[in-house]
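So the structure is just underneath, and the comments pick up after that.
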Amino acid sequence: TDQLFLNNLQISLWRFEVVYTFLSAISTSALNFIINQPPSNGSCSINPLIGTITTLFTIECPDWYDVDGIEDYSLYAWTTDISQRTIIAFSSEYNFQVRLPAGDNETSLLNLVVYVRDLLNSITQVNISSVSVMKNFEIINELIDKITNSSSTITNNPIVRLLSSGNQNVVGQMIIALSQELNQMSSENLDKAISNGIPAVDISVSLLGSQRLQQISIPLNESALIDYNTELNSLANVRDYLVTFITDLLVTTSNSIILQSSSLAQLTQATNQLTRNTLLLVSNRCYELSAALYAIFEKISYEDAQSASNQLFQCASNMLNGVNGPLQGRTEILDLDSSRANVISTDYDTDLESAWSNLNLFSDGNDFSTETIEKNRNLYYQKQLANQINSQVTGMISLLTSSLNIHLNIGPSSLMNTSQSFVSLETISIQSLKDRLVKQVENAQFSMPSDFILNTTSNSSISLRSRVDPLASFGNFQNTNLSRSISLSIIDQNGNEIPFKANENNSIKLIIPRDPNVLIPSMYLQNVTSINSTINNLLFNYHYVNITSSFPISVHFEIHSLNTNLAYLFIYKFDQTPQLNSSINLIDGWTMFCPHNLTNDDIYRYFIDNQQTPGHQSLIFGIRELNSTEINNYCLNNSSINTSLPITDESFNFISNYELLIYTSGCYYLDENNNWKSDGLTVGPLTNLYETECLSTHLTTFAGGFIVLPAPINWSYVFANAG
135 TDQLFLNNLQ ISLWRFEVVY TFLSAISTSA LNFIINQPPS NGSCSINPLI GTITTLFTIE
195 CPDWYDVDGI EDYSLYAWTT DISQRTIIAF SSEYNFQVRL PAGDNETSLL NLVVYVRDLL
255 NSITQVNISS VSVMKNFEII NELIDKITNS SSTITNNPIV RLLSSGNQNV VGQMIIALSQ
315 ELNQMSSENL DKAISNGIPA VDISVSLLGS QRLQQISIPL NESALIDYNT ELNSLANVRD
375 YLVTFITDLL VTTSNSIILQ SSSLAQLTQA TNQLTRNTLL LVSNRCYELS AALYAIFEKI
435 SYEDAQSASN QLFQCASNML NGVNGPLQGR TEILDLDSSR ANVISTDYDT DLESAWSNLN
495 LFSDGNDFST ETIEKNRNLY YQKQLANQIN SQVTGMISLL TSSLNIHLNI GPSSLMNTSQ
555 SFVSLETISI QSLKDRLVKQ VENAQFSMPS DFILNTTSNS SISLRSRVDP LASFGNFQNT
615 NLSRSISLSI IDQNGNEIPF KANENNSIKL IIPRDPNVLI PSMYLQNVTS INSTINNLLF
675 NYHYVNITSS FPISVHFEIH SLNTNLAYLF IYKFDQTPQL NSSINLIDGW TMFCPHNLTN
735 DDIYRYFIDN QQTPGHQSLI FGIRELNSTE INNYCLNNSS INTSLPITDE SFNFISNYEL
795 LIYTSGCYYL DENNNWKSDG LTVGPLTNLY ETECLSTHLT TFAGGFIVLP APINWSYVFA
855 NAG
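Just so we're aligned, residue 135 is where the sequence shown starts under our numbering, counting upward by one.
So, in structure tokens, the structure goes:
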């Protein structure tokens, strides 16, 4: 830790001494060192104190002295939260000019700090006067209008002239200022759509750590959806245009990497507005910046490595979120992507292997309609890009991990916890991995077992990398479209992932959150008091559920009795009707719901895990109300030791109605080919409407499945009306 030195700044000369004690001798070794003193005696100022995002502000930092020499000056800005400060510019000169992003929405105030750094990376932070920076709506709206209408005079726009300068400080400043304006416009457009009845999960992916929105249950306003999409595509076109100015800038220093990566992270923050062109250019550029950081990580400070890595981790998450949103049905397909995908290829009639002209790739069975072909062709190219970006992000994460790892000893950790991405990296001993609880964000967590097999020859330390992204990858199906993506990796000192294997009877337990704005319908009322069971001598009220799935799923039941003093017997059978009476016991499972089992919300819960459902297409379950004698025998009289079934031959008799909600869940991991698999994973009992618990014997990237099933078919009614 650096606290020892920070608490004793008056001391400049230090000694580090080690004493070695052997059986026959004692040896010592010592190292004398001097703490590098930061630059001093100078000041910093800014002029003017008021302006707009196109105003040229002058920063002056005269009279700074350091025995090692001054390396550079870098300017950071923020509105209200200093943890959100953003690099604006860097210069080797003590006076330089900058353009600033808009200040606080209400006051227009922008806070500023200058980092004065010497040649050995010691820094003095200098707070300078806050300035008032207002938005220039006229020039921004003119730019948006010209981009939207493909105006030939766009090069005359003052912002475009600045962007075309090729100066990374100027370009970075304008991209940051414009991105912040675009992001605010995007948020306002999204809020307006949601307030008009458009479900949030249909048009966006919730930020990490965000609270569940109070969504209004009103009929969908078609005109509101049209207005939303018009604004969405307009802003997407602007980002698609702006990205071309920042992806070919020179990379010079660590500050250069920080500025460019920060600009890219902010430009791609609204992930529902990223065209494939934007995604491809930014993904390539963020990978290049990650590689550039890795090339110099031994020569720069930990603070610089962390600052750059934080922005690049966000960039990686934005890329995954942006490319998977349309595939997962979570964001709208952009007009620019659809039109570009279906422009006639120049070689479509000569290149026999061209995917564009192979209509069999894009048809739905025998449906070769123009609408189907164009829709599926666009999705085909989206999937191709998703695989490419997934591969690039994997490489980026590896490079960034190596860039940070060299700075971490056992104990300290590197944490990036933003609304776009969560990444934690720490170095620990192998022994401390046992029974370790690795907490992430939104209750995401990994609970490690006490015994496991770790395939490594090292007996010392390992690195633990923990990640959460807002949206799970599409992979090969949409069952994960409401899930966060969580991962945990164990890394050796060479940056390689170490295979981890737990025992099946002592597995890893992990919690995977869902998007907080997942739509949960109201429970379905079962009007059972109106059913005359004596007509068909039914002993149970039966319900049919379709559980056909390409992957193993768990089935979860929530039952709410309108009379909480009642108890129930619940039975089920796969693929056929369960039967239970004095002469027949044809069931696959059962449970009793007694009032003392009720949760705080007065709901009975039961689940069938994903190990029991494979190979089955349907599940029929029956419910009957226990009479007062049965309640007394099975629920009141120390019935915890009574494991027998309450069997009767009498028709059911309900004195109160109940409500039902049934949903399925699943546990999936992402393989090396970017496909979801479920082998070796079990859905755990802590699964609920808002998160999935999974039991696993290995570590990788995980997601949870979730589907709320429609109201179950009343199988008793089918019986009553059969024939």
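Virtual Cβ for every residue (Gly too), placed ideally from N, Cα, C.
Quick caveat, the model's predicted, so the values are computed rather than measured.
Measuring alpha carbon to alpha carbon, tell me which residue in Leu-644, Ser-830 and Ser-217 is nearest Ala-636.
Counting from 1 along the sequence shown, the entry for residue 636 is found at position 502. Ser-830 is the residue among Leu-644, Ser-830 and Ser-217 whose C-alpha sits nearest the C-alpha of Ala-636.
Could you check whether Phe-379 and Val-304 sit closer than 7 Å to each other, using their CB atoms as the reference points?
In the sequence shown, the residue the question calls residue 304 occupies position 170. In the sequence shown, the residue the question calls residue 379 occupies position 245. No, they are not a contact pair.
Between which residues of its own chain and Ile-160 is the CB-CB distance below 8 Å, once the five residues before and five after are set aside?
Within the sequence shown, numbered from 1, the residue matching residue 160 stands at position 26. Within the same chain, Ile-160 has close Cβ partners Val-153 and Tyr-154.
Less than 7 Å separating the beta-carbons of Phe-634 and Leu-815?
The residue given as residue 634 occupies position 500 in the sequence shown. The residue given as residue 815 occupies position 681 in the sequence shown. No.
Once the 5 residues before and after Gln-218 are set aside, which same chain residues still bring their CB inside 7 Å of it?
If you number the sequence shown from 1, residue 218 lands on position 84. Closer than 7 Å at Cβ, skipping near neighbours: Trp-212.
If you count every other CB in all the chains shown that lies within 10 Å of the CB of Asn-287, and 16 or more means buried, which is it?
Taking the first residue of the sequence shown as position 1, residue 287 is located at position 153. Reading the sequence as shown, one finds Thr at residue 287 and not Asn. Under this definition Thr-287 is an exposed residue.
Scan the segment 368-440 and note each continuous alpha helix (DSSP H) run of 4 residues or more that stays entirely inside, going in chain order.
388-401 and 410-430
Going by beta carbon distance, what residues of the same chain come within less than 8 Å of Asp-374, once the five residues before and after it are set aside?
Along the sequence shown, read from residue 1 onward, the residue named residue 374 stands at position 240. Taken in chain order, the residues that qualify are Thr-409, Asn-411, Thr-412 and Leu-470.
Is Ile-587 near the ligand NAD, with its Cβ less than 6 Å from a heavy atom?
No copy of the ligand NAD occurs in the structure displayed, which carries no ligand at all.
Leu-659 bridges to which residues according to DSSP?
Reading the sequence shown from its first residue, position 525 is the one you call residue 659. Note: Leu-659 sits in a beta bridge opposite Glu-793.
Round the Cβ separation of Gly-838 and Ser-617 to the nearest angstrom and send it over; I've been treating them as touching at under 8 Å.
Here the question's residue 838 lines up with position 704 in the sequence shown. Here the question's residue 617 lines up with position 483 in the sequence shown. That pair is a contact at about 5 Å.
Locate the beta strand (DSSP E) running through Arg-599, then write down its first and last residues.
What you label residue 599 is simply residue 465 of the sequence shown in a count that begins at 1. 595-603 is the span of the beta strand (DSSP E), which, as asked, contains Arg-599.
Flag this pair as touching only if the segment 497-506 and the segment 387-399 have three or more C-beta atom pairs under 8 Å; answer yes or no.
no
In angstroms, rounded to a whole number, what distance separates the CA positions of Cys-449 and Trp-724?
Counting from 1 along the sequence shown, the entry for residue 449 is found at position 315. Counting from 1 along the sequence shown, the entry for residue 724 is found at position 590. Distance between the alpha carbons of Cys-449 and Trp-724 is about 49 Å.
Answer yes or no: do Cys-420 and Leu-383 have a C-beta to C-beta separation smaller than 7 Å?
What you label residue 420 is simply residue 286 of the sequence shown in a count that begins at 1. What you label residue 383 is simply residue 249 of the sequence shown in a count that begins at 1. Result no, Cβ atoms of Cys-420 and Leu-383 do not sit closer than 7 Å.
Just to confirm, are Phe-788 and Val-662 a CB contact at a threshold of 7 Å?
As a working mapping, residue 788 is identified with position 654 in the sequence shown. As a working mapping, residue 662 is identified with position 528 in the sequence shown. Against a cut-off of 7 Å, the Cβ pair of Val-662 and Phe-788 comes out as a contact.
Within 10 angstroms of the Cβ of Gly-529, are there 16 or more other Cβ atoms? Answer buried if so, exposed if not.
Translated into the one-based positions of the sequence shown, residue 529 becomes position 395. Exposed, by the Cβ-count rule.
With 16 as the cutoff for other CB atoms within 10 Å, does Gly-857 come out buried or exposed?
Looking up residue 857 in the sequence shown gives position 723. Reliability of the predicted coordinates at Gly-857 is poor, the pLDDT of 47 falling under 50, and the value obtained from them is presented with this limitation in mind. Exposure of Gly-857 is indicated by the presence of fewer than 16 other C-beta atoms within 10 angstroms of its C-beta.
Counting along the chain, where does the alpha helix (DSSP H) carrying Tyr-515 start and finish?
In the sequence shown, residue 515 corresponds to position 381, counting from 1. Start and end: 504-539.
Where does Ala-845 sit, in a helix, a strand or coil, going by DSSP?
Taking the sequence shown and counting its residues from 1, the one referred to as residue 845 is at position 711. In the structure shown, Ala-845 sits in coil (DSSP, three-state: anything other than H, G, I, E or B).
Please go through the segment 696-736 and give each complete beta strand (DSSP E) segment of 3 or more residues, from N-terminal end onward.
The segment 696-736 contains these whole beta strand (DSSP E) runs: 702-708 and 723-727.
Check each candidate in Gly-237, Ile-360 and Ile-531 and name the one with the smallest Cα separation from Leu-423.
Here residue 423 corresponds to residue number 289 of the sequence shown, with the count starting at 1. The shortest C-alpha to C-alpha distance from Leu-423 to any of Gly-237, Ile-360 and Ile-531 is the one to Ile-531.
Where DSSP assigns a beta bridge to Val-817, which residues make up the other side?
Position 683 of the sequence shown, counting from 1, holds the residue named residue 817. Cys-828, per the DSSP bridge assignment.
Could you tell me whether the Cβ atoms of Leu-538 and Ser-548 are closer together than 7 Å?
As a working note, residue 538 is residue 404 in the sequence shown. As a working note, residue 548 is residue 414 in the sequence shown. Yes.
Identify every residue that forms a DSSP beta bridge with Arg-648.
Position 514 of the sequence shown, counting from 1, holds the residue named residue 648. Partner(s): Ser-617.
Tyr-362 by DSSP, collapsed to three states: which one?
Within the sequence shown, residue 362 is the residue found at index 228, counting from 1. Tyr-362: helix per DSSP, three-state reduction.
By a C-beta neighbour count over all protein chains shown, 10 Å radius and 16 as the cutoff for buried, is Tyr-199 buried or exposed?
If you number the sequence shown from 1, residue 199 lands on position 65. Residue burial is scored here from C-beta neighbours: Tyr-199 has fewer than 16 other C-beta atoms within 10 angstroms and is therefore classed as exposed.
Just to confirm, is the Cβ distance from Arg-97 to Ile-625 under 7 Å?
The structure shown does not extend to residue 97, since the chain spans only 135 to 857, so no value can be given for it.
When DSSP labels each residue in this structure, what does Gly-857 get in the three-state scheme?
As a working mapping, residue 857 is identified with position 723 in the sequence shown. Bear in mind that the predicted position of Gly-857 carries a pLDDT of just 47, short of 50, making it unreliable; the figure below should be weighed with that in mind. Coil at Gly-857, not helix or strand.
Near Trp-148, what residues of its chain come up, given a Cβ to Cβ distance below 6 Å and the 5 sequence neighbours on each side ignored?
Counting from 1 along the sequence shown, the entry for residue 148 is found at position 14. Here the set comprises Phe-167.
Quick one: what's Lys-635 bridged to in DSSP?
On the sequence shown, position 501 is the one that residue 635 refers to. According to DSSP, Lys-635 bridges with Ile-587.
Using the DSSP secondary-structure output, state which residues sit across from Ala-284 in a beta bridge.
By 1-based counting over the sequence shown, the position of residue 284 is 150. In the sequence under discussion, the amino acid at residue 284 is Ser, which differs from the Ala named in the question. Paired residues: none, contrary to the question.
Which partner residues of Leu-559 appear in the DSSP bridge assignment?
As a working mapping, residue 559 is identified with position 425 in the sequence shown. Answer is Ser-548 and Arg-599, bridged to Leu-559.
Would you mind sorting Leu-820 into buried or exposed? The rule is 16 or more other CB atoms within 10 Å of its CB.
Position 686 of the sequence shown, counting from 1, holds the residue named residue 820. Leu-820 comes out exposed.
So does the segment 741-753 actually touch the segment 799-816, counting three or more Cβ pairs closer than 8 Å?
yes
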